[in-house]
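The block underneath contains the structure these notes are about, expressed in structure tokens.
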Amino acid sequence: MNLDIFKNETLNIKADIAILVARVVCGYAFILHGWGKIQDPLHWMGPDSSVPAIFQFLAALSEFGGGIAWVIGLLTRLASFGIVCTMIVAAYFHSVILGDSFINLTGGRSYELAGVFFTISLVFLTVGAGRFSLDQKIFGSKS
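For the sequence shown, this note's numbering begins at 831 and goes up steadily by one.
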């Protein structure tokens with residue numbers, strides 16, 4: 831079985847420190863976002879939701895479990911893939927279904943946060959967790 835997908839790109843130390851800070855801060859944010867969802871992972875959207883339970887579960891797992899994975903840097907690309915998918919759905923839901931703007935200057939609903947987290951998760955999906963991660967310890971770097 832080829833586990834190269836979990837190997838990190840070779841970056842300079844400053845980039846690895848930046849990746850570490852972004853992983854920890856954004857991972858913690860996702861743990862908090864996913865905490866309420868993981869408490870009732872099949873029904874967190876409420877009893878009247880038209881979203882199937884399996885998709886609610888995947889979103890809860892992606893946010894809460896993905897946040898933990900980002901913080902410790904374990905299976906970062908897999909976690910990032912789940913978060914990318916979740917943020918695509920979140921951005922679509924807010925922009926198309928609810929008709930929210932990208933940024934709401936009055937503090938109301940928008941899809942800005944989903945867009946930002948999509949972008950960050952795309953970076954982690956592409957470059958990996960960096961040298962300060964369990965992925966590095968376990969799988970090493972691409973040469």
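Ideal placement from N, C-alpha and C gives every residue a C-beta, glycine not left out.
All figures in this text were calculated on a predicted structure; none of them were measured in a lab.
Tell me which residue opens and which closes the alpha helix (DSSP H) that residue i is part of.
i	result
F969	964-969
A899	896-902
G945	942-957
V851	843-869
M875	Where M875 is concerned, there is no enclosing alpha helix (DSSP H), given that its DSSP letter is neither H nor E.
Nearest by alpha-carbon distance to residue i: which of the options is it?
i	options	result
S951	E893, A883, D930	E893
A899	Q966, I968, S910	S910
V914	I868, V926, L955	L955
V854	A959, K844, L908	A959
A975	A889, L872, G937, L841	Coverage of the chain is limited to positions 831 through 973, which leaves residue 975 absent and any answer about it impossible.
A889	I927, V851, H863	H863
S963	L904, R939, T840	L904
Would you mind giving the Cβ-Cβ distance between residue i and residue j, rounded to the nearest angstrom? I have them listed as a contact below 8 Å.
i	j	result
V957	I847	Rounded, the Cβ-Cβ distance is 13 Å, inconsistent with contact.
With 16 other CB atoms within 10 Å as the buried threshold, where does residue i fall?
i	result
G866	exposed
Taking contact to mean 3 or more Cβ pairs, one atom from each stretch, closer than 8 Å, check whether the stretch 874-886 and the stretch 932-950 are in contact. no
Evaluate contact between the stretch 934-949 and the stretch 832-844, counting only Cβ atoms and requiring at least three cross-stretch pairs below 8 Å. no
Using 8 Å as the cut-off, can you tell me whether the stretch 957-967 makes contact with the stretch 912-919, which would need three or more C-beta pairs spanning the two stretches below that distance? no
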